[in-house]
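I have placed the structure first, in the form of structure tokens, so that the comments after it can refer back to it.
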Amino acid sequence: MLGGLKEVLALQVRLFAGSVIAFLLSWLLSKHFANLKIVQDTPGSGPQKVHPEKVSRMGGIAIVISLVLAGLVANLKGLLLLILVSMPVVLIAIYEDMFQKVRPSIRLSVSFCTALIFSLVFKVYISYVDIPIIDLVLKITFFGLAFTMFAVAGITNSFNIIDGLHGLASGIGIIILGFYSLTAYLVRDFVVFSISLLAIFALLGFILNNYPSGKILLGDNGAYFLGFLIATTSILLVYRNQGISPWYPLLCVAYPFTETIFSIYRRRFAKKKSAMDADFLHMHSLVFKRYVRNNAKTSPLFWAGSLLTCLLAFFFRSNTKVLIALYLLYLVVYVVGYLRITRFKNKKINLFLSKRNSG
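Going by the working numbering, the sequence shown runs without a break in its numbering and finishes at 398.
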């Protein structure tokens with residue numbers, strides 16, 4: 040019994056040390072990278088560039104480095120392996136941050152490949168969604184793997200889509216991972232708990248330099264890594280704990296997931312353009328431009344929404360029917376809210392949006 044107690048204490052000490060290192064190193068590296076004149080975001084270089092001056096896009100690199108060292112100190116093999124698996128999508132994102140020459144289709148393809156590598160290395164895939172007819176199909180390995188690839192690649196890219204304001208993606212990531220760590224703690228899943236906890240501290244170290252001043256940005260590398268981390272921990276949490284509904288993580292990521300699906304619909308079907316074309320019509324962009332007009336004050340509105348959905352998801356984490364109903368309610372609120380903001384029938388608004396989008 041004494042030996043078991045010592046082992047638990049040793050784990051707690053390593054986890055505490057890893058958390059401190061993740062926070063401090065992420066903060067220090069973010070602060071250092073912010074002053075480097077390389078890998079910078081240029082104002083006006085894209086539809087979502089709302090900052091007035093050049094800013095470093097190396098925030099994600101700081102987070103990854105801090106998590107690697109924290110994982111080594113805490114001896115978290117699961118975290119280190121997950122970071123290693125994420126490298127294809129992280130490296131292609133770093134290249135995009137440096138040269139802005141990677142086509143969206145290539146980034147998406149790499150996301151799919153990285154998702155497949157995750158499933159093969161960790162030997163996990165989505166085999167059920169608590170809907171009997173769909174579950175019969177997903178139990179066939181090929182379809183389960185394919186569905187997992189779509190899910191992981193989709194969430195990975197969704198965080199790049201919502202990464203348009205200071206602290207938006209990283210703040211939402213902290214909220215989601217906070218609930219994942221709490222859930223994992225309650226079901227005694229040390230692997231998911233430790234991965235989520237260290238990631239939270241690394242994000243906190245970064246966000247101190249990102250919000251509200253925007254001295255450094257996540258960059259594509261950070262957004263893709265964060266999305267991949269959340270997508271994979273979502274799968275691990277449900278796969279390793281059968282009492283948790285697969286709809287629990289979906290409701291937690293409701294905002295980035297719905298934003299992505301709605302963006303695809305808007306571009307491909309409403310505007311008859313490529314689903315991968317960037318635009319200024321994301322929910323956060325519209326709220327920023329039409330109502331708040333302040334970068335730092337816009338993000339908390341979306342943090343609050345994400346906190347509410349995660350809180351509801353946590354309370355009903357084992358009840359699939361309630362979780363599905365809550366997500367459908369969220370979807371209705373999102374669509375109605377989006378339509379009220381844009382008012383597509385108003386010609387003046389349409390003219391304004393088209394000019395802003397083309398410029």
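Note that the Cβ used here is the ideal one computed from N, Cα and C, for glycine as well.
Legend entry - Reference N196; option with closest CA among L290, F296 and L257: Stepping through the sequence shown from its first residue, residue 196 is reached at position 157. It is F296.
Inset, instruction - Determine the extent of the alpha helix (DSSP H) in which V331 is found, giving its start and end residues. - result: In the sequence shown, counting from the first residue as 1, residue 331 sits at position 292. Secondary structure note for V331: it is in no alpha helix (DSSP H), with a DSSP letter that is neither H nor E.
Legend entry - Rounded separation between L216 and C291 - CA only: Along the sequence shown, one-based indexing puts residue 216 at 177. Along the sequence shown, one-based indexing puts residue 291 at 252. Taking the straight line from one Cα to the other gives about 9 Å.
Inset, instruction - For K387, count neighbouring C-beta atoms within 10 Å of its own C-beta (all shown protein chains included) and say buried if the count is 16 or more, exposed if not. - result: For this step, residue 387 is matched to residue 348 along the sequence shown. Below a pLDDT of 50, predicted positions are generally treated as unreliable, and K387, at 43, falls in that range; the measurement from the model is reported next regardless. So K387 ends up on the exposed side.
Legend entry - Beta-carbon proximity of A402 to S58, cut-off 9 Å: Beyond the ends of the chain as shown, which are 40 and 398, falls residue 402; an answer cannot be given.
Inset, instruction - Would you grab the beta carbon distance between W66 and G210 for me? Rounded to a whole angstrom, and I think it's under 8 Å. - result: Taking the first residue of the sequence shown as 1, we reach residue 66 at position 27. Taking the first residue of the sequence shown as 1, we reach residue 210 at position 171. Going by Cβ atoms, the distance from W66 to G210 rounds to 16 Å, so no, they are not a contact pair.
Inset, instruction - Taking 9 Å as the cut-off, decide whether the C-beta atoms of A15 and S105 are in contact. - result: Residue 15 lies beyond the range of the chain shown here (40 to 398); nothing can be said about it.
Legend entry - Exposure label - F157; buried when at least 16 CB within 10 Å: Taking the sequence shown and counting its residues from 1, the one referred to as residue 157 is at position 118. Buried.
Legend entry - Residues near I214 in its chain [Cβ-Cβ closer than 8 Å; skip 5 each side]: Here residue 214 refers to the residue found at position 175 of the sequence shown. A distance below 8 Å between beta-carbons, with the five flanking residues on each side excluded, links I214 to the following residues of its chain, in chain order: W342, S345, L346 and C349.
Inset, instruction - Determine, using beta-carbon pairs with one atom in the stretch 279-289 and one in the stretch 247-267, whether at least three such pairs fall under 8 Å. - result: At 8 Å Cβ cutoff, the stretches do not touch.
Inset, instruction - Report the residue from L365, F355 and Y373 whose alpha carbon sits nearest the alpha carbon of H323. - result: Counting from one through the sequence shown, the residue named residue 323 turns up at place 284. For H323, the closest C-alpha among the options L365, F355 and Y373 is that of Y373.
Inset, instruction - Measure the C-alpha to C-alpha separation of F181 and S166 and round it to an integer number of angstroms. - result: Start at 1 with the first residue of the sequence shown, and residue 181 comes out as number 142. Start at 1 with the first residue of the sequence shown, and residue 166 comes out as number 127. Inter-residue distance for F181 and S166 is about 10 Å (C-alpha atoms, whole angstroms).
Legend entry - Where I172 falls, given that 16 or more other Cβ within 10 Å makes a residue buried: Taking the first residue of the sequence shown as 1, we reach residue 172 at position 133. With fewer than 16 neighbouring CB atoms inside 10 Å of its own CB, I172 falls in the exposed class.
Inset, instruction - Helix, strand or coil for I255, going by three-state DSSP, please let me know. - result: Residue mapping note: residue 255 aligns to position 216 of the sequence shown, counting from 1. It is a strand residue.
Inset, instruction - Enumerate in chain order the residues of its own chain whose CB-to-CB distance from A56 is below 7 Å, with the five nearest sequence positions on each side excluded. - result: Start at 1 with the first residue of the sequence shown, and residue 56 comes out as number 17. In chain order, V112 and A113 place their CB closer than 7 Å to the CB of A56, counting only its own chain and leaving out the 5 sequence neighbours on each side.
Legend entry - H205 and S338 closer than 9 Å at C-beta: Taking the sequence shown and counting its residues from 1, one reaches residue 205 at position 166. Taking the sequence shown and counting its residues from 1, one reaches residue 338 at position 299. Their beta carbons are under 9 Å apart, which means H205 touches S338 by this criterion.
Legend entry - Burial state of S235 (16 or more Cβ within 10 Å): By 1-based counting over the sequence shown, the position of residue 235 is 196. By the beta-carbon neighbour count (other beta carbons within 10 angstroms, threshold 16), S235 is buried.
Inset, instruction - Spell out the partners DSSP gives V141 in its beta bridges. - result: Start at 1 with the first residue of the sequence shown, and residue 141 comes out as number 102. None; V141 has no bridge partner.
Inset, instruction - Could you tell me whether the Cβ atoms of L247 and L265 are closer together than 9 Å? - result: Along the sequence shown, one-based indexing puts residue 247 at 208. Along the sequence shown, one-based indexing puts residue 265 at 226. Taking the C-beta atoms as reference points, L265 is found no nearer than 9 Å to L247.
Legend entry - H321 - DSSP class collapsed to helix/strand/coil: The residue you call residue 321 lines up with position 282 of the sequence shown. Coil.
Legend entry - Run of the alpha helix (DSSP H) containing I363, from where it starts to where it stops: As a first step, residue 363 is located in the sequence shown; it is residue number 324 there, counting from the start. Element bounds for I363: T359 to T381.
Inset, instruction - Can you tell me the Cβ-Cβ gap for T222 and R356, rounded? I've got them flagged as a contact below 8 Å. - result: Mapped onto the sequence shown, residue 222 falls at position 183. Mapped onto the sequence shown, residue 356 falls at position 317. Yes, they are in contact, since the Cβ atoms of T222 and R356 sit about 6 Å apart, within 8 Å.
Legend entry - Segments assigned alpha helix (DSSP H), at least 4 residues, entirely inside the stretch 174-238: Assignment of alpha helix (DSSP H) within the stretch 174-238, counting only whole runs of 4 or more residues, yields 180-200 and 207-225 in chain order.
Inset, instruction - Compute the Euclidean distance between the alpha carbons of I303 and N333, then round it to the nearest angstrom. - result: Against the sequence shown, residue 303 aligns to sequence position 264. Against the sequence shown, residue 333 aligns to sequence position 294. C-alpha of I303 to C-alpha of N333: approximately 27 Å in a straight line.
Legend entry - Contact under 9 Å by Cβ, R128 with F267: As a working note, residue 128 is residue 89 in the sequence shown. As a working note, residue 267 is residue 228 in the sequence shown. A small correction: the amino acid at residue 128 is Val; Arg does not occupy that position in the sequence shown. Yes.
Inset, instruction - Output the distance between the C-alpha atoms of P86 and K328, rounded to the nearest integer angstrom. - result: Here residue 86 corresponds to residue number 47 of the sequence shown, with the count starting at 1. Here residue 328 corresponds to residue number 289 of the sequence shown, with the count starting at 1. Low confidence applies here, because P86 scores a pLDDT of 47, under 50, leaving its location unreliable and the question unanswered by this model.
Inset, instruction - Closer than 7 Å by C-beta to I239: which residues in its own chain qualify, once you throw out the five before and the five after it? Chain order, please. - result: For the purposes of this step, residue 239 is identified with residue 200 of the sequence shown, where counting begins at 1. Result list for I239: I213, L216, G217 and S220, in chain order.
Inset, instruction - Report the option in F354, C152, V176 and K93 whose CA atom is closest to the CA atom of I283. - result: In the sequence shown, counting from the first residue as 1, residue 283 sits at position 244. When each option's Cα is compared against that of I283, the closest is F354.
Legend entry - Sub-9 Å separation of M97 and L75 beta-carbons: Taking the sequence shown and counting its residues from 1, one reaches residue 97 at position 58. Taking the sequence shown and counting its residues from 1, one reaches residue 75 at position 36. In this structure, the beta-carbon distance from M97 to L75 falls below 9 Å.
Inset, instruction - Please classify G282: does DSSP put it in a helix, a strand, or coil? - result: Start at 1 with the first residue of the sequence shown, and residue 282 comes out as number 243. DSSP places G282 in the coil class of the three-state scheme, outside both helix and strand.
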